[in-house]
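Structure record follows, encoded as structure tokens.
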Amino acid sequence: MFNTIGEIILLFTEFLRALPRAWRERQKVYEQLYEIGNASLLMACILSIFIGGVIALQTGPVLVERGLSNAIGGLVGLSMCKELAPVMMSVLIAGRIGSAMTAEIGSMRVYQEIDALRTMNINPVTYLVLPRLIAISIALPTLVVFSVLVGWMGGGLVSVYNHSISITFEAYFNNLSEMVDLKDVLNGLIKSFCFAVIIGLVACQQGFETIGGPRGIGRSVTKSVVNAIVSILILDYFLTRLLLFMDNKP
Amino acid sequence: MSTSAPQHTNVGLTVGELHKSFAGVPVLKGIDLTVAPGELFVLMGPSGSGKSVLLRHLIGLEKPDLGEVKINGRSIDDEALRDECRMAMVFQSGALLNSLTVGQNVGLYLSEHRLLPAEEIEQVVAEKLEIVGLKGQEDRPVSELSGGMRKRVAIARALVMEPHLILYDEPTSELDPLSALTIAEEIVELNRRTGATSVVVTHDRDLGLGIADRIGILFDGELLQVGKPEEIRNSNHPLIKKFLGVDFRLTNTNR
Chain A
1 MFNTIGEIIL
11 LFTEFLRALP
21 RAWRERQKVY
31 EQLYEIGNAS
41 LLMACILSIF
51 IGGVIALQTG
61 PVLVERGLSN
71 AIGGLVGLSM
81 CKELAPVMMS
91 VLIAGRIGSA
101 MTAEIGSMRV
111 YQEIDALRTM
121 NINPVTYLVL
131 PRLIAISIAL
141 PTLVVFSVLV
151 GWMGGGLVSV
161 YNHSISITFE
171 AYFNNLSEMV
181 DLKDVLNGLI
191 KSFCFAVIIG
201 LVACQQGFET
211 IGGPRGIGRS
221 VTKSVVNAIV
231 SILILDYFLT
241 RLLLFMDNKP
Chain B
1001 MSTSAPQHTN
1011 VGLTVGELHK
1021 SFAGVPVLKG
1031 IDLTVAPGEL
1041 FVLMGPSGSG
1051 KSVLLRHLIG
1061 LEKPDLGEVK
1071 INGRSIDDEA
1081 LRDECRMAMV
1091 FQSGALLNSL
1101 TVGQNVGLYL
1111 SEHRLLPAEE
1121 IEQVVAEKLE
1131 IVGLKGQEDR
1141 PVSELSGGMR
1151 KRVAIARALV
1161 MEPHLILYDE
1171 PTSELDPLSA
1181 LTIAEEIVEL
1191 NRRTGATSVV
1201 VTHDRDLGLG
1211 IADRIGILFD
1221 GELLQVGKPE
1231 EIRNSNHPLI
1241 KKFLGVDFRL
1251 TNTNR
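Next up, the structure:
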């Protein structure tokens, strides 16, 4: 495990060294952004509407029973932007995009394509890692903003049309806008940016470590997804503590 | 950068006391070798004798456990050497980038290093593909190519670099005799035309004896003999005689 962490740190330093070449690699960044968006937007939409909906469904009747129906909007709003959208979208991207990155780089490693790049004096980190990491760091926070908005809509729909809640859209969104600050949305974006870097690094590192043909590629993909999700959940706790500490600072 | 003018390069290779083991199993056992500038050197030996591992050391893809590889007296690990001395390798599988087209693969070195504008890269790519007999195939995905075509694209990709040192790993494996002959002619022609020092790894006796200036015979991680093709053909070493004398007349069948 420490070996893997060390390699991820090394890969990150190589990425930082390659960062000044980011503008030159912008075409590859656009291609990656397109692929990430294409592969995850619909899934993110479906996931977010149901996450928002289920929070409203679980909490709405209890709040209504206690005469707190006006708090539903705020509850859904804060849960979505501070926790659920960043974490769920990151898990989705780790599974959908991180796995694809590992598979692609892993197969390039197994079939000597990365060796071929090295013989042409092309740095594989600049060629492969740089555009992927930049693209995922842009795409995931963007996806989180999208997910937050769709999740709020999902929560609103359930709050209005579910018989045991039945509040108006106006009441729902008034409460939401009262409770949710720009700072809360920024919290989620900071988290998702950190998760994106972790997903990209774990996926690329596992790809570079791949050995042993198709079975090796499968093993790397599994490890990549599991390691990324575990890292996201652990990091989430510490980031939440840090962000709460920053929030409470005068 | 000129992409068609002949070069008169001066790249010599020296391998000294090279040792390499994988998981405790020795693969190279103290290889000493010198390849003169402009020479076409062929490394021959049976499968598993360490030829490809040695070749990977020559271009810096493997780090030796002991010993060193030098180009013109400078270590292969010298970063500045990589900028001054262009090295290319034609992999056994071709190692083409599957996500790119034939043309993008061939022009990759030029486009990634921004050596020429896009229109000129297209011209160079077309020129190199014509040399290897794949004129007009620029837009084909490499996944559609046969084994022989992949090898030829890999050679075209190496040609684009105008290398000072070019390494071939089993360039004729998986090829029919006619395609193998075309590739062999291409290797010799490239060596004569550009003066690039060439190292070819093969277990194909006909190819080795047919194209080499000198041959090194590798057996079980050790270099048994280095010499001109005639010297190798007339070698008295029992293992070399056995390796070169194999024929396919089966003695123990009911046919």
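Note that the protein sequences, when read in sequence, are chains A and B. Just so you know, the numbering used here puts 99 at position 99 of the first sequence, and the rest follows in order with no gaps. Quick note, the numbering used here runs 1000 ahead of the 1-based positions in the second sequence. Don't be surprised by glycine CBs; every beta carbon is placed ideally from N, CA and C.
Query raised in the report: Under 8 Å between the Cβ atoms of G73 (chain A) and N3 (chain A)?
Result: no
Query raised in the report: What does D247 (chain A) touch in chain B if you count any residue whose Cβ is under 8 Å from its own?
Result: The premise fails here: D247 (chain A) is roughly 44 Å from chain B at the closest Cβ pair, so nothing lies under 8 Å.
Requested in this report: At 8 Å on the CB atoms, spell out the chain B contacts of Y127 (chain A), in chain order.
Outcome: E1112
Requested in this report: Please report the residue range of the beta strand (DSSP E) in which E65 (chain A) lies.
Outcome: Not the beta strand (DSSP E): E65 (chain A) falls in the alpha helix (DSSP H), residues R26 to E65.
Report task. Spell out a yes or no on whether the segment 209–226 of chain A and the segment 19–33 of chain A are touching, meaning 3 or more CB-CB pairs, one atom from each, closer than 8 Å. Result -> no
Query - Cutoff 7 Å; reference Q1137 (chain B); Cβ partners in own chain excluding five residues on either side - result: V1102 and L1129
Query raised in the report: Do G1310 (chain B) and T1197 (chain B) have their CB atoms nearer than 8 Å?
Result: Beyond the ends of chain B as shown, which are 1001 and 1255, falls residue 1310 (chain B); an answer cannot be given.
Query raised in the report: Using a C-beta to C-beta distance shorter than 7 Å, which residues of chain B count as neighbours of R118 (chain A)?
Result: L1061
Query raised in the report: By a C-beta neighbour count over all protein chains shown, 10 Å radius and 16 as the cutoff for buried, is G156 (chain A) buried or exposed?
Result: buried
**Report entry** Option in B:P1177, B:S1093 and B:V1160 with minimal Cα separation from R1150 (chain B)
**Finding:** B:S1093
Requested in this report: Please decide whether M1161 (chain B) counts as near chain A, where near means a Cβ-Cβ distance under 8 Å.
Outcome: yes
Query - 8 Å Cβ cutoff, R1074 (chain B) in contact with chain A - result: no
Query raised in the report: Considering only residues of the segment 1164–1197 of chain B, which uninterrupted alpha helix (DSSP H) runs meet the minimum length of 4 residues and lie entirely inside it, listed in chain order?
Result: 1177–1194
Query raised in the report: In terms of DSSP beta bridges, what is H1019 (chain B) paired with?
Result: B:K1029 and B:L1066
Requested in this report: Could you round the C-beta distance between L1055 (chain B) and L1167 (chain B) to whole angstroms and report it? I think they count as a contact, below 8 Å.
Outcome: 5 Å
Query raised in the report: Would a C-beta distance cut-off of 8 Å place A203 (chain A) and G98 (chain A) closer than the cut-off?
Result: yes
Query raised in the report: Just to confirm, are S1021 (chain B) and H1203 (chain B) a CB contact at a threshold of 8 Å?
Result: no
Report task. Please name the residue or residues paired with Q1225 (chain B) in a DSSP beta bridge. Result -> B:I1217
Query raised in the report: Under a three-way DSSP split, which group does T119 (chain A) fall into?
Result: helix
Query raised in the report: In its own chain, which residues sit with a C-beta less than 6 Å from the C-beta of A228 (chain A), not counting the 5 before and 5 after it?
Result: A94, G98, I199 and V202
Requested in this report: Using alpha carbons as the reference points, say which of B:N1105, B:V1025 and B:H1164 lies closest to R1082 (chain B).
Outcome: B:H1164
Requested in this report: Could you confirm whether any beta carbon from chain B is found closer than 8 Å to the beta carbon of N121 (chain A)?
Outcome: yes
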